[in-house]
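Worksheet for the structure shown next.
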Amino acid sequence: MAMTQGGHMLQRPLTTTPDAWVHAVLADFDAFLLDHAACERKASAMAMTFVVRYPDRDAILDPMIRLAKEELGHFHQVFRICQRRGLRFSHDSKDPYVNALLRELRRGRELEFLDRLVMAGVVEARGHERFGRLADALPPGEMKEFYIQITQSEARHSELFFDLAKIYFEDDRVEERVTFFVEREAAALAAIPPRPALH
Ligand SMILES: [Fe+2]
Ligand SMILES: [Fe+2]
């Protein structure tokens, strides 16, 4: 999938999610919704983590606070969908995908800052790709409309992280890390069998 994001092209496009994932999600949509809700909640917390860790990086603060609110809004929307279906939340399970990517962060304040921004952009890009696959597969109705809207938000988020990275780092350095994380991301996903979860 060639991913265009506000005129930016990921140097190495993400792999395309296999149909087996779409089938796994549709086969247990309730389980998927519970996982999706948790992902939105974690995305909100992740945005606030940038504010806490990098209070001196002025350019990221307002966008990250805004993003945290938007992701929390998504969490609330998915939470309400789950509630209407009578679903029960349980404790978070480990996310092998995110953990695999976190292990790739380099040490050192500057390197880690760059890597965290790029990693977040790649994760958002995957959200965009997978929610898009799901939106295409869902029958016409409220859920399809909801996932079309979510897909559009995730594309904007991905672009935001790459744009912020390019405020603080040379374009070439950012692109080099995008290439790296796109590769690691594909490996992380390939290691997880298709299941009714975002990753
Ligand atoms: Fe979101
Ligand atoms: Fe997002």
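Converting from the sequence shown to the numbering used here requires adding 2 to each position, the first position being numbered 1.
For each residue, glycine too, the CB sits at the ideal point set by N, CA and C.
Own chain residues within Cβ distance below 7 angstroms of residue i, not counting five before or after
i: S46; result: A70, E73, L74 and F77
i: L28; result: A139
i: M3; result: Because M3 carries a pLDDT of 37, less than 50, the predicted location of this residue cannot be relied on, and the following value inherits that uncertainty. P15, L16, T18 and E131.
Residue i CB to nearest heavy atom of ligand 1 below 7 angstroms
i: I152; result: yes
i: S160; result: no
i: S92; result: no
i: E73; result: yes
i: E156; result: yes
i: H76; result: yes
i: E42; result: yes
Three-way DSSP call (helix, strand, coil) for residue i in this model
i: Y56; result: coil
i: S95; result: coil
i: I194; result: coil
i: F163; result: helix
i: H201; result: coil
i: D30; result: coil
i: R109; result: coil
i: G88; result: coil
i: T19; result: coil
Other residues of its chain near residue i: CB distance less than 6 angstroms, five sequence neighbours each side excluded
i: M121; result: L103 and F183
i: P196; result: A22, W23 and A26
i: M66; result: A49, F52 and V53
i: T17; result: A188
i: A199; result: D37
Chain-order list of residues whose beta-carbon lies under 8 angstroms from that of residue i (same chain, five-residue window excluded)
i: R186; result: A102, L103 and E106
i: P98; result: A190, A193, I194 and H201
i: F163; result: L119, V120, A122, G123 and E126
i: L35; result: V80, I83, C84, R87 and L89
heavy atom of ligand 2 below 7 angstroms from residue i C-beta
i: S95; result: no
i: G129; result: yes
i: E126; result: yes
i: A45; result: yes
(message) List, from N- to C-terminal side, the alpha helix (DSSP H) runs of 4 residues or more that fit wholly inside the stretch 112–194.
(response) If we require 4 residues or more, the alpha helix (DSSP H) runs fully inside the stretch 112–194 come out as 144–170 and 173–192.
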